[in-house]
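Residue numbers (my numbering): 51 to 367.
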Amino acid sequence: MSYSSRIFIYGPVSLLLLIVVLYSVFWRVQADTLSARLDRANGGEVIPGITFAFAGKTVGGYPFRLDAVLSGVTFSHQDADGETAWRTEELALHALSYNLDRYILEVTGLQSFARPPATQGSAPRVIYATPAIARASAILNNGRLARFDLDLWEPQAKDATQGADSKRSLSADRAQLHLLARPDNTIDVAAQINNARIGAGYAAAKAELVLPLIDLRAKLTESSALDDLAAGKMSVADAAQAWRERMGQLDVSDLTLNWPDARAGLKGEVAIDQAGRASGRLKGERVQNGKMPVQFGLTLDDGGIRTAALPAPAARP
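Quick look at the structure:
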């Protein structure tokens, strides 16, 4: 066999091996960079006021993915009233090794949400949540969050505060949230909850409240006030205050509520008051058992939600 023939046989094989070696080195650099970034973030503030910590970490996914699995994860905020924290047993982060602008996140195990006590000297308020599947995805554009999607299958939550009513529970078949940044200084918001079940302890009723469908379509205005938050340069409280000062609001174009025997369609505006709580009013119509529609509304103030049938508008002369 001539020398030139060997080149045609072994040349492509050698080139392929070289490409594999170079890509393996590239993947290892990407994996080590992600691992180092996570280590630097551990125990520090990922955005002002929010501390991120984890107990264990593994990074894999060769050849085309980067999969980081963190255990004992906590996101917490400390203020004068106490600690607010979200804890999960495991959090997995997935990305393509050649495209780090798109991330998939998954959480497994018990989720706990802790808030400071309602009154001084009482126990902290704690909610336990156990979704069957919890996934989220984020798309970045020039280092800023451009899209976020959250999908929860069979989420269940209960009040785990010491001495809490056992009927204070929440569950659903599925819950989704989708956010999409627009170039006109707004964010499209879509949310849907299927077969929500609110325990009697939360519903202030003798029996569980069932809502087969909650569907929201809205637009968040003045979204540029949240740019520094999306870039990790501003605290949640400061971003909320900046958004409020710019007269930002959530313009609800359609909120559909279905009960087993009724349905309602509402629209209106929701803003943030001086205390940082949702405030606004949604109006529309409610139809029950096929009867004539009646005016119906939701009022948000003082940290609560009130429902009421509204008087019918006066007939025009």
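Glycine residues also receive a C-beta, built at the ideal position from the N, C-alpha and C atoms.
For leucine 279, the uninterrupted alpha helix (DSSP H) run begins and ends at 277-280, by DSSP. Within its own chain, the residues whose Cβ lies closer than 7 Å to the Cβ of arginine 267, once the five positions on either side in sequence are excluded, are Ala240, Ser303 and Asp304, listed in chain order.
Judged by pairs of C-beta atoms under 8 Å, the stretch 150-159 touches the stretch 131-142, as three or more such pairs exist. DSSP links lysine 107 through a beta bridge to Leu120. Our two residues, alanine 164 and glycine 213, have alpha carbons roughly 15 Å apart in a direct line. By the neighbour-count criterion, in which 16 or more other beta carbons inside 10 Å mark a residue as buried, glycine 94 falls on the exposed side. Taking the C-beta atoms as reference points, alanine 246 is found nearer than 9 Å to alanine 222. Residue state for glutamate 295 is assigned as helix, using DSSP reduced to three classes.
Sixteen is the threshold: since fewer than 16 other Cβ atoms of the shown chains lie within 10 Å of the Cβ of lysine 341, the residue is exposed.
When the Cα atoms are used, valine 79 and isoleucine 97 turn out to be separated by approximately 26 Å.
Glutamine 345 carries a strand assignment under DSSP once its states are collapsed to helix, strand and coil. Relative to valine 320, the option among Trp309, Asp288, Leu307 and Ile355 whose CA is nearest is Ile355.
Apart from sequence neighbours up to five positions away, the residues of its chain that approach tryptophan 77 with a beta-carbon distance below 7 Å are Tyr112, Pro113 and Ser147, ordered along the chain. Within the same chain, Cβ atoms closer than 6 Å to the Cβ of isoleucine 154 are found at His144 and Ser187, the five residues on either side in sequence being excluded. Exposure of threonine 357 is indicated by the presence of fewer than 16 other C-beta atoms within 10 angstroms of its C-beta. Aspartate 238 is bridged by DSSP to Leu230 and Lys269. Contact between the stretch 290-303 and the stretch 102-111 is absent: fewer than 3 CB-CB pairs across the two stretches fall below 8 Å. In the DSSP assignment, glutamate 133 falls within the beta strand (DSSP E) that extends over 132-146.
The alpha carbon of leucine 276 has as its nearest neighbour, out of Ala257, Thr236, Arg185 and Ala81, the alpha carbon of Thr236. For serine 285 and threonine 271, the gap between their C-alpha atoms comes out near 19 Å. Inter-residue distance for proline 167 and arginine 185 is about 30 Å (C-alpha atoms, whole angstroms). Closest in C-alpha terms to leucine 88, from the list Leu72, Ser121, Ser74 and Val63, comes Ser121. Contact between the stretch 255-266 and the stretch 65-72 is absent, with fewer than three C-beta pairs closer than 8 Å. Proline 62 carries a helical assignment under DSSP once its states are collapsed to helix, strand and coil. Under the three-state reduction of DSSP, phenylalanine 76 is assigned to helix.
Restricting attention to beta strand (DSSP E) runs no shorter than 3 residues, the stretch 140-193 encloses them at 149-165, 175-179 and 183-191, ordered along the chain. The C-beta of proline 233 has fewer than 16 other C-beta atoms within 10 Å across all chains shown, which makes the residue exposed.
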